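Below: one structure, written as structure tokens.
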Amino acid sequence: MKISHHDIRLRTEAPIQIIDVTRQVKDLFTDSGIRNGICTVISRHTTACVNLNEQEPMLQRDMLTHLKRLVPRDGDYLHNENPVDGRDNAHSHLMGLFMNASETIPIVDGELVLGTWQSIFFIELDGPRPERRLTVHFMGTD
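In structure tokens form, the structure reads like this:
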């Protein structure tokens with residue numbers, strides 16, 4: 246059994262931002278030498294998520310619009326009355342309820358098993374932030 250563990254560091258520039266990290270994950274995977282197993286990608290934050298979806302600009306705009314409608318920033322949220330880190334970010338935490346902190350991707354015959362239109366996204370819900378981290382963990386056989 247081989248295990249390979251990595252961090253991807255990101256800087257975000259918008260309150261809600263979708264960042265395609267597929268290339269970074271694939272590059273790390275190539276270096277792992279694993280042929281069969283699993284890849285887990287996990288956000289190290291409660292207000293940032295990981296998602297598999299399509300890399301299409303208009304769809305991404307629709308996603309941002311939907312998230313903003315679903316949980317408006319200016320809602321009357323108790324968490325904002327005494328925020329832990331000084332950020333009015335209850336809406337970010339609530340958006341995160343509808344997303345995943347991690348995704349697991351099978352590895353078969355030296356390939357990440359992603360659908361034709363699937364990309365791996367880091368989704369910032371509480372930006373901008375100078376540094377965010379994704380952990381990428383590969384486990385399997387060579």
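With positions in the sequence shown counted from 1, the corresponding number in our numbering is that position plus 245.
Backbone N, C-alpha and C fix where the C-beta goes; we use that ideal spot for every residue, glycine too.
In this text the structure is predicted, and so the values were computed from the model without any measurement.
Hey, how far is the Cα of residue i from the Cα of residue j?
i	j	result
cysteine 284	alanine 259	28 Å
valine 329	alanine 335	11 Å
glutamate 326	histidine 338	14 Å
phenylalanine 366	leucine 304	13 Å
leucine 379	aspartate 321	31 Å
arginine 377	arginine 256	6 Å
serine 364	methionine 308	14 Å
Classify residue i as buried or exposed, calling it buried when 16 or more other Cβ atoms lie within 10 Å of its own Cβ.
i	result
valine 286	buried
phenylalanine 343	exposed
aspartate 371	buried
glutamate 369	buried
leucine 273	buried
leucine 315	exposed
leucine 312	buried
Using DSSP with H/G/I as helix, E/B as strand and the rest coil, what is residue i?
i	result
valine 270	helix
alanine 335	helix
glutamine 262	strand
glycine 355	coil
glutamate 301	coil
leucine 215	There is simply no residue 215 to check, as the chain begins at 246 and stops at 387 in what is shown.
methionine 384	strand
threonine 257	strand
aspartate 252	strand
Near residue i, what residues of its chain come up, given a Cβ to Cβ distance below 8 Å and the 5 sequence neighbours on each side ignored?
i	result
valine 358	Ile350, Pro351 and Ile352
aspartate 354	Arg280 and Asn281
lysine 247	Ser277, Gly278, Ile279, Gly282, Phe383, Met384, Gly385, Thr386 and Asp387
isoleucine 264	Leu255, Thr257, Phe366, Phe367, Ile368 and Glu369
Using a Cβ-Cβ cutoff of less than 6 Å, which residues in the same chain neighbour residue i once the five nearest sequence positions on both sides are dropped?
i	result
aspartate 333	Asn325
glycine 278	Asp387
Please report the Cβ distance between residue i and residue j, rounded to the nearest whole angstrom; I am assuming they are in contact, meaning their Cβ atoms lie under 8 Å.
i	j	result
valine 295	alanine 346	7 Å
glycine 341	threonine 292	6 Å
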